[in-house]
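Under this note's numbering, residues 3 to 116 are what the sequence shown spells out, in order.
The beta carbon of each residue, even a glycine, is placed where N, CA and C say it ideally should be.
Predicted model only: the values in this text are computed from it and were never measured.
Have a look at the structure below before the remarks.
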Amino acid sequence: MKKWFWSASGYYGIWSLVFLIGYLWIGSRYNLFEGAVSPEGRELLWYWVSGFGLLFVIPLGIGQVAAGILSYRYAATRPRTWVSLLLGLVLCISTIVACLFGYAVFILIFHGFA
Numbered sequence: 003m004k005k006w007f008w009s010a011s012g013y014y015g016i017w018s019l020v021f022l023i024g025y026l027w028i029g030s031r032y033n034l035f036e037g038a039v040s041p042e043g044r045e046l047l048w049y050w051v052s053g054f055g056l057l058f059v060i061p062l063g064i065g066q067v068a069a070g071i072l073s074y075r076y077a078a079t080r081p082r083t084w085v086s087l088l089l090g091l092v093l094c095i096s097t098i099v100a101c102l103f104g105y106a107v108f109i110l111i112f113h114g115f116a
């Protein structure tokens with residue numbers, strides 16, 4: 003369990019650091035946080051935020067489905083393959099909705115409404 007925790011912490015720590023450095027560099031380079039905003043800077047920021055949004059949200063969705071299936075497999079006395087597949091399908095549907103919502107929230111937080 004500790005290995006998974008440190009792996010996830012390292013993954014999100016490194017990507018968060020890269021995202022924050024790039025976000026601040028784009029903001030200062032194109033003066034996005036003050037005055038008139040250039041379209042090139044806004045477009046670059048959009049690509050930066052949307053790309054990192056996917057890097058943050060998709061592993062969470064995969065982890066959610068894997069955790070649900072593995073918790074069933076370990077908790078059941080006689081785990082059935084078809085139940086695991088059905089559970090995975092149901093979790094994939096809910097995970098897609100949760101990932102889309104998380105992606106939208108990420109974009110709204112770092113890029114804004116406009």
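1) Apart from the five residues just before and just after residue 79, which ones in its own chain have a Cβ nearer than 7 angstroms to its Cβ?
2) Assuming residue 105 and residue 24 form a contact by the criterion Cβ under 8 angstroms, report the distance between their Cβ atoms to the nearest whole angstrom.
3) For the ligand HEM, is there a heavy atom less than 7 angstroms away from the beta-carbon of residue 115?
4) Below 8 angstroms, can you find three or more Cβ-Cβ pairs linking the region 27-44 to the region 72-90?
5) Expressed to the nearest angstrom, what Euclidean distance is found between the alpha-carbon atoms of residue 52 and residue 109?
6) Let's see if you can read the secondary structure: which residues bound the alpha helix (DSSP H) around residue 58?
7) Report yes if the C-beta distance between residue 101 and residue 60 is below 8 angstroms; otherwise report no.
8) Please return the same chain residues whose Cβ sits closer than 6 angstroms to the Cβ of residue 112, not counting the five positions on each side in sequence.
9) Count the other CB atoms, across all protein chains shown, that sit within 10 Å of the CB of residue 15; report buried if there are 16 or more and exposed otherwise.
10) Start and end of the alpha helix (DSSP H) containing residue 21?
11) Return the CA-CA distance between residue 1 and residue 66, expressed in angstroms with no decimal places.
Inspection of the coordinates gives the following:
1) Answer for residue 79: no residue qualifies.
2) Residue 105 to residue 24, Cβ: 18 angstroms. No contact.
3) By its list of ligands, the structure shown contains no ligand whatsoever, and the ligand HEM lies outside what it can speak to.
4) Touching, no, given that fewer than three Cβ pairs across the two stretches are closer than 8 angstroms.
5) Rounded to whole angstroms, the gap between the alpha carbons of residue 52 and residue 109 is 6 angstroms.
6) Per DSSP, residue 58 belongs to the alpha helix (DSSP H) from 41-77.
7) For residue 101 and residue 60, yes; Cβs fall inside 8 angstroms.
8) Once the five neighbours on either side are set aside, the close Cβ partners of residue 112 are 51.
9) Burial state of residue 15 is exposed, judged by a 10 Å Cβ sphere holding fewer than 16 other Cβ atoms.
10) Unbroken alpha helix (DSSP H) run through residue 21: 4-31.
11) Residue 1 lies beyond the residue range present for the chain, which begins at 3 and ends at 116; the question has no answer from this structure.
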